[in-house]
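With numbering that gives the first Met the number 0 applied, the sequence shown covers 0 to 168. Have a look at the structure below before the remarks.
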Amino acid sequence: MSNIGINNLFIADRMLGKLARYMRLLGYDVLYPPPCSDSRLLGMARAQGRILLTRDRGITRRDNSTEGNPVVVEIDSDHVETQLSQMIEGGWISSLRAPRCSICNTPLETLDVDAARHLIPAFIMTTQKSFLYCRSCNMVLWEGSHWRNFHVKIANILLCGDQNHEKEG
Numbered sequence: 000m001s002n003i004g005i006n007n008l009f010i011a012d013r014m015l016g017k018l019a020r021y022m023r024l025l026g027y028d029v030l031y032p033p034p035c036s037d038s039r040l041l042g043m044a045r046a047q048g049r050i051l052l053t054r055d056r057g058i059t060r061r062d063n064s065t066e067g068n069p070v071v072v073e074i075d076s077d078h079v080e081t082q083l084s085q086m087i088e089g090g091w092i093s094s095l096r097a098p099r100c101s102i103c104n105t106p107l108e109t110l111d112v113d114a115a116r117h118l119i120p121a122f123i124m125t126t127q128k129s130f131l132y133c134r135s136c137n138m139v140l141w142e143g144s145h146w147r148n149f150h151v152k153i154a155n156i157l158l159c160g161d162q163n164h165e166k167e168g
């Protein structure tokens, strides 16, 4: 089933925290709730119309709800690169969007240099001219080496699929 083009909302179980953070940075709305029971996780997915991302193969079999199950994507790998490849190849995610905060899932806003000045270290002002801001976390982000490395990793996944990602740690 191809889901490309659909504005999917996701909820990730506790085994997929890194995938949730990566997908948020790619612009996808991904809830990552604190530890909770399978039935609560499934209930949140149902109530909010979210797709459940899980490594737990038996999660739907253990649920006693008669309300029907939400869409569940069983993630096969422990490696985030391969997990992202699975999401792309399955059509669950299809494009880069405006990034969300990797911590709280809030959409990031553009912040001008003057507004950023009192929120970041002075030396950053000499090297950066564009900033993103999370209103919920009061966190400012800029395109430093972490951001560039993340985009290189994503570009590699998009170009190469999941080749050799299982070997990475």
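The C-beta atom is built at its ideal place from N, Cα and C for all residues, glycine as well.
If you check the beta carbons only, do residue i and residue j fall under 8 Å apart?
i: Thr53; j: Ile74; result: yes
i: Pro69; j: Leu30; result: no
i: Leu107; j: Cys100; result: yes
i: Ile156; j: Val139; result: no
i: His26; j: Arg96; result: Inspection of the sequence shows that residue 26 is occupied by Gly rather than by His. Yes, they are a contact pair.
i: Val72; j: Ile50; result: yes
i: Ile92; j: Met14; result: no
Where does residue i sit, in a helix, a strand or coil, going by DSSP?
i: Asp37; result: helix
i: Tyr31; result: coil
i: Leu25; result: coil
i: Trp91; result: coil
i: Ile10; result: strand
i: Ile74; result: coil
i: Ile58; result: coil
Taking the C-alpha atoms as reference points, what is the distance between residue i and residue j?
i: Leu8; j: Lys17; result: 17 Å
i: Thr105; j: Ala19; result: 13 Å
i: Gly90; j: Asn137; result: 33 Å
i: Gly48; j: Pro34; result: 20 Å
i: Gln43; j: His150; result: One point to set straight first is that residue 43 is Met, not Gln, in the sequence displayed. Near 31 Å, if we compare the C-alpha coordinates of His150 and Met43.
i: Ala154; j: Ala114; result: 31 Å
In terms of alpha-carbon separation, which member of the options lies closest to residue i?
i: Ser129; options: Arg116, Ser135, Cys136, Ile92; result: Arg116
i: Glu142; options: Ile156, Leu158, Met124, Ser135; result: Met124
i: Arg61; options: Gln127, His145, Cys103, Ser38; result: Ser38
Task: Residue ranges of each beta strand (DSSP E) within the stretch 95-130, 3 or longer - done: 108-110
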